[in-house]
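Novice: Quick note, the sequence shown lines up with residues 3 to 410 if you use this note's numbering.
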Amino acid sequence: MIDRGYYGTFGGAFVPEILTATFDELEAEFRKLKADPGFWQEYCDLMGSYSCRPTPLTYAENLTRHFQGAKIYIKREDLNHTGAHKANNVMGQGLLVKRMGKTRVIAETGAGQHGVATATMAAKFGFDCTVYMGEVDVKRQRPNVFWMEQMGATVVPVTDGTRILKDAINEAFRDWVSHMDTTHYVLGTACGPHPFPEMVSYFQSIIGKEARKQILERESKLPTRVYACVGGGSNAMGIFSGFPDDQVECVGVEAAGHGLASGKHASRLCTDDASVGVAQGYKTYFLQDSDGQMKETHSIAAGLDYVGVSPILSQMHDQGTARFEAVTDAEVIEALKLTMGKEGIIPALESAHAFAQAFKEAPTMSKDDTIIINQSGRGDKDIFTIADALGDPSWKRFIMEKAGEYHA
Ligand SMILES: *Cc1c(COP(=O)(O)O)cnc(C)c1O
3 MIDRGYYGTF
13 GGAFVPEILT
23 ATFDELEAEF
33 RKLKADPGFW
43 QEYCDLMGSY
53 SCRPTPLTYA
63 ENLTRHFQGA
73 KIYIKREDLN
83 HTGAHKANNV
93 MGQGLLVKRM
103 GKTRVIAETG
113 AGQHGVATAT
123 MAAKFGFDCT
133 VYMGEVDVKR
143 QRPNVFWMEQ
153 MGATVVPVTD
163 GTRILKDAIN
173 EAFRDWVSHM
183 DTTHYVLGTA
193 CGPHPFPEMV
203 SYFQSIIGKE
213 ARKQILERES
223 KLPTRVYACV
233 GGGSNAMGIF
243 SGFPDDQVEC
253 VGVEAAGHGL
263 ASGKHASRLC
273 TDDASVGVAQ
283 GYKTYFLQDS
293 DGQMKETHSI
303 AAGLDYVGVS
313 PILSQMHDQG
323 TARFEAVTDA
333 EVIEALKLTM
343 GKEGIIPALE
353 SAHAFAQAFK
363 EAPTMSKDDT
373 IIINQSGRGD
383 KDIFTIADAL
393 GDPSWKRFIM
403 EKAGEYHA
């Protein structure tokens, strides 16, 4: 075990001995990259030409007027290539892979968004790409599987365990052990063994750096609060890192699903259903029972449906340097409807968690306050879930007719 990468008592790198050298190499290459004075500019140039960076900070004038409280700004990570902040992480790791001289990348994916982002990166850089995905998720997320395959990736359905994200992660580690020389594992969020939490947060810090500059240009002062949804924690780490100041309150919003009391949720930092443990190579709060068995999670947003959370956020939670809240599926749908109707913006279901919490608090704040909501992604991908939740009859007819065409 490597005695590095601890955030208080959280984090670490609990990896099989055979991977120790690979992790040492990864950390050394990452340190070199971070110390290279030219790297950050190279990264920003790439993101500027490939992924619409810097993303805008949009003043939500109509929502602000509606709530009669704090001035609301939205950081538009939805405008990235492939529609979410995930592009920041995969392109950063892609540059690292090039420097390491490796030729193949592997990734885990749940809903498929990280898989799609990794497949685009691999296509652009000319890497071989294999994506591990639970068999259940392969069935649920056919459109994303289609795109990954079109971009040249091999998608491997994982049939172990409960056949979802955590099983895909285990399988990706298994692959890595047998192909360490050629292969880099592009982990999708600020979780997992050191140095992944630090590395992913570093690439995502581009969000916070931009947002800080943009809000100071617009308002000549720092925001009162910054909101981000928390799945694994990478978009939250990205924006929070731009506002380490005492006067800015960072608010992480988890998925309360059907309600925290129902047991059907994905909150690790706002309930007693989670406890500290070691799994998947790191120590953090996990949704697990007293035997260390992982519990089933639920959220309307597939990207928030995970048993662990970034060890960096676990430390911030225990130290009180960030506040954590949880909102329900129903609250998320209401926030989504309001944002579409008032601003013509469609947040991803994940991002809508941050909007929902911000909407609870904005009316209680003063007009001198400003807040930033990190819109981690766009909602187009969620059309099936959102249309279902809204019970739109003509959408239902469309789906039935499509199904009929294939049946005939
Ligand atoms: C994957 C995803 C998330 C959750 O990941 P974090 O690492 O917590 O940021 C949030 N929003 C969107 C749009 C996503 O695709």
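Every residue, glycine too, gets a C-beta built ideally from N, C-alpha and C.
Keep in mind it's a predicted model, so treat the numbers as computed, not measured.
Expressed to the nearest angstrom, what Euclidean distance is found between the alpha-carbon atoms of Gln-249 and Thr-372?
Specialist: Straight-line Cα distance between these residues: approximately 12 Å.
Novice: Should Asn-82 be counted as a contact of ligand 1 given a C-beta to heavy atom distance under 6 Å?
Specialist: Outside the cutoff, so no.
Novice: Could you check what DSSP says for Met-402 in three-state terms: helix, strand or coil?
Specialist: Note: Met-402 maps to helix in three-state DSSP.
Novice: Ala-324: beta carbon under 6 Å from a heavy atom of ligand 1?
Specialist: The answer is no for Ala-324.
Novice: How about the segment 135-144 and the segment 211-218: do they share at least three Cβ pairs that are nearer than 8 Å?
Specialist: Touching, no.
Novice: Do Gly-190 and Arg-1 have their beta-carbon atoms positioned less than 7 Å apart in this structure?
Specialist: Since the displayed the chain opens at 3 and closes at 410, residue 1 lies outside it and no answer follows.
Novice: Look at Phe-326 and Cys-252 and say whether their C-beta atoms are less than 7 Å apart.
Specialist: No, Cβ-Cβ distance for Phe-326 and Cys-252 is not below 7 Å.
Novice: Within its chain, find whatever has a CB closer than 6 Å to the CB of Asp-307; leave out the 5 residues flanking it on each side and keep chain order.
Specialist: Excluding residues within five positions, the ones whose Cβ falls inside 6 Å are Ala-268, Thr-299, Ser-301.
Novice: Ala-119 and Ala-155: beta carbons closer than 7 Å?
Specialist: In this structure, Ala-155 does not lie closer than 7 Å to Ala-119 by Cβ.
Novice: Just verifying my parser: in three-state terms, what is the DSSP assignment at Ser-301?
Specialist: DSSP places Ser-301 in coil when its eight states are reduced to three.
Novice: Going by DSSP in three states, Leu-224 sits in which element: helix, strand or coil?
Specialist: Coil at Leu-224, not helix or strand.
Novice: Hey, is Gln-317 close to ligand 1, as in C-beta under 6 Å from one of its heavy atoms?
Specialist: No, the beta carbon of Gln-317 sits no closer than 6 Å to any heavy atom of ligand 1.
Novice: Run the proximity test for Ser-378: is its beta-carbon closer than 6 Å to any non-hydrogen atom belonging to ligand 1?
Specialist: Within the cutoff, so yes.
Novice: Tell me whether Thr-191, by its Cβ, gets closer than 6 Å to a heavy atom of ligand 1.
Specialist: Yes, the beta carbon of Thr-191 sits closer than 6 Å to at least one heavy atom of ligand 1.
Novice: Thinking C-beta only, is Ala-263 closer than 7 Å to Ala-356?
Specialist: Against a cut-off of 7 Å, the Cβ pair of Ala-263 and Ala-356 comes out as no contact.
Novice: Give every residue of the same chain whose Cβ lies closer than 7 Å to the Cβ of Ile-171, excluding the five residues on either side of it in the sequence, and list them in chain order.
Specialist: Contacts found: Glu-110, Gln-282.
Novice: Measuring CB to CB, does Gln-143 end up less than 7 Å from Gly-114?
Specialist: Contact: yes.
Novice: Which of the three DSSP states is assigned to Ser-264 in this structure?
Specialist: It is helical.
Novice: Rounding to the nearest angstrom, what Cα-Cα distance links Lys-344 and Asp-26 in this structure?
Specialist: Looking at the two C-alpha atoms, the distance is approximately 50 Å.
Novice: According to DSSP, is Cys-46 part of a helix, a strand, or is it coil?
Specialist: Correct three-state label for Cys-46: helix.
Novice: From the DSSP output, which residues share a beta bridge with His-186?
Specialist: Val-107.
Novice: May I ask you to verify whether the segment 93-107 touches the segment 197-211, counting CB pairs closer than 8 Å and requiring at least 3?
Specialist: Yes, the segment 93-107 is in contact with the segment 197-211.
Novice: If distances are taken between C-alpha atoms only, which option among Gly-194, Ile-374, Ala-276 comes closest to Lys-223?
Specialist: Here the closest residue by C-alpha is Ile-374.
Novice: Can you give the Cα-Cα distance for Gln-206 and Gly-235, rounded to whole angstroms?
Specialist: Between Gln-206 and Gly-235, the C-alpha separation is close to 10 Å.
Novice: Could you pull the DSSP bridge partners for Ile-74 from this structure?
Specialist: Partner(s): Ile-373.
Novice: The alpha helix (DSSP H) spanning Glu-29 covers which residue range?
Specialist: Where Glu-29 is concerned, the enclosing alpha helix (DSSP H) stretches over 22-37.
Novice: Using the beta-carbon count (16 or more within 10 Å), is Ser-368 buried or exposed?
Specialist: Per the 10 Å Cβ criterion, exposed.
Novice: Indicate whether Gly-240 and Gly-261 have their beta-carbon atoms separated by less than 7 Å.
Specialist: No, the Cβ-Cβ distance between Gly-240 and Gly-261 is not below 7 Å.
Novice: Runs of 4 residues minimum, wholly inside the segment 132-166: which ones carry the alpha helix (DSSP H) assignment?
Specialist: Runs found: 137-142, 144-152.
Novice: The beta strand (DSSP E) with Ser-277 in it runs from where to where?
Specialist: Unbroken beta strand (DSSP E) run through Ser-277: 276-281.
Novice: In the DSSP assignment, find the unbroken alpha helix (DSSP H) run with Glu-251 in it and report its ends.
Specialist: From DSSP, Glu-251 is part of no alpha helix (DSSP H) but of the beta strand (DSSP E) over 251-259.
Novice: Would you be able to state if there are at least three C-beta pairs under 8 Å between the segment 308-319 and the segment 12-27?
Specialist: Because the criterion of three Cβ pairs below 8 Å is met, the segment 12-27 and the segment 308-319 touch.
Novice: Where Gly-112 and Asp-247 are concerned, what is the direct C-alpha to C-alpha distance, given to the nearest angstrom?
Specialist: Answer to the nearest angstrom: the Cα atoms are 34 Å apart.
Novice: Quick one: grab the DSSP three-state call for Arg-380.
Specialist: Three-state DSSP puts Arg-380 in a strand.
Novice: Taking the alpha-carbon positions, what's the Phe-400 to Gly-406 distance?
Specialist: Roughly 10 Å separates the two Cα atoms.
Novice: Is Gly-13 helix, strand or coil by DSSP?
Specialist: Strand at Gly-13.
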